[in-house]
Structures are given as C-alpha cells and as structure tokens.
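Numbering (the numbering used here), first residue to last: 26 to 242. Ideal placement from N, C-alpha and C gives every residue a C-beta, glycine not left out. All of these numbers come straight from a predicted model, not from anything done at the bench.
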Amino acid sequence: MELMKKLLKELASEVKTEIQTSEARITAQISGQINDLQDRCERLEQKNHEQEREIEELRRDNNFLRNELRKTNVFIGGIPESKDETRSTLISDIVLMSPRPNDLQSQNNILQRYFDSNDLEVNLTKTKILPFSKGTRPSRKFYWKGAAIETVSQYKYLGIEFTQPGLFNTHLKAAMLKSRQAIGTLLKTLSGAKVKDIEVSKNFSSPWSTAYPCTLS
C-alpha cells in the first residue's frame, strides 16, 4: 500500500511538472504571437501614416496645379470652368485640350514650372500633339523646355484610336479585325473540340456575329 501511494505521488508530481511545462510553453507561444501581432500593427500604423503624408502632399500639389491652371481658364480635378478647355488625368497621364494654340502652350509652360519645382520628368517620346481638324494638319509647333513635341495625325489612348478628323473609323476597323480574329480562334477551338451542337457553331459562324464586333466582349 505504501508503495502504491509512493508511485501515485510520483506520478502526480510528474503530471504536475508536465502540466507546468506545457503551460509555460503555451504561454511563451502566445506571448510570442502577441508580440508579433503588436509589431505587425505598429508597422501597419507606420505605413498608414506614411501613406497619409503622401496623400496630403499629393493634395497640396493638386491644389497648386489647380490654382495655376485656373489662370488659363482650366479647372483641375473636376468640371472645366470654360467649356472650350478641359484637362484629363489617368494615373500618371495628363491630357491637355484647348481650341487655342497659345493657351495650350501656356498650359505646357505652367506644367513645366510645376514639374521643375517637384523634380519630375516627362517622357517626351510618349508625349504627342494631336490637332483635331477637318482640314490639313496645322503647322503650329509646341515645345517642352525648348524641345519640339511631335505632332501626329492619330494616337491610341486607353485603347481608342483618336484621329485628326475626330472620327473613329480607324478604331472601328481595328476593333472589327480583332473581333473577327477572336471569332476565328473560337471557331477553330470548337472544331478541334468536335462540338456536336450545330446551334453553337451557327451562333458564331453567321454573318450577323462577325459583322458586329460589339456583340462579343
């Protein structure tokens, strides 16, 4: 009986020690996870503060540019003050439009000063002048820091072909060609897959489906 009590006491001591060891290990793991989460939260907060500062700087720059261009009757960041002039931005792109060549060059000059004051550069190889005119191309030259900006008769922007006459025939032809190519690829795939449903093939091989590319997306 004494031996049994002794064994039970030793077993209880071992179990207690094991429980204490497990508790210490679990506590250490939880503490480590908590510290890791705190570090991540601090990094996220720091990142948010940096982003907020960047946003505030962009707002100040935008206000400065808006005030400068407003002097040329162009409103930055909304509806133009003058219906004759407007500006569009997308990510890092800037589009300036004006019916008067002198005003357009003035807008360019303002942007030059703004870019210089903020250590920004313009990729002149991607900067183009597209005059919208039904007649011959205007001979007026436009400059960026003394370098002539290339004048073109058509330009693709956001996937749309803009042309000098202001028509979209070139863009429509290109869209129809891409549509026909896509339909041809689809028909080849259907043929290779040996589609037995004749209605499926008819829907993509009919003259109606190839004549109107806008029906496919």
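Item: From LYS203 to GLU146, what does the alpha carbon distance come to, in whole angstroms?; Value: 35 Å
Item: Confirm, please, whether the CB-CB distance from ILE174 to TYR180 is below 8 Å.; Value: no
Item: Since GLN179 is in the beta strand (DSSP E), which residue starts that stretch and which ends it?; Value: 179-182
Item: The beta strand (DSSP E) spanning LYS136 covers which residue range?; Value: Inspection of the sequence shows that residue 136 is occupied by Leu rather than by Lys. Unbroken run through LEU136 is the alpha helix (DSSP H), 126-142; no beta strand (DSSP E).
Item: Hey, GLN132 and SER123: beta-carbon distance below 8 Å or not?; Value: yes
Item: For the beta strand (DSSP E) that ILE185 lies in, which residues bound it at each end?; Value: 185-188
Item: With H, G and I counted as helix, E and B as strand and the rest as coil, what does DSSP make of ILE243?; Value: Examination of residue 243 is not possible in this model, given that the chain is present from 26 through 242 alone.
Item: Just verifying my parser: in three-state terms, what is the DSSP assignment at LYS153?; Value: strand
Item: Do PRO156 and THR306 have their beta-carbon atoms positioned less than 8 Å apart in this structure?; Value: Residue 306 cannot be examined here, being either before or after the span of the chain that is shown, 26 to 242.
Item: Which residues share a DSSP beta bridge with THR176?; Value: ILE154
Item: Per DSSP, what kind of secondary structure is LYS108 in: helix, strand or coil?; Value: Low confidence applies to LYS108: its pLDDT is 44, below 50, so where it sits in the model is not reliable, and the reading given next is rough at best. Reduced to three states, the DSSP call for LYS108 is coil.
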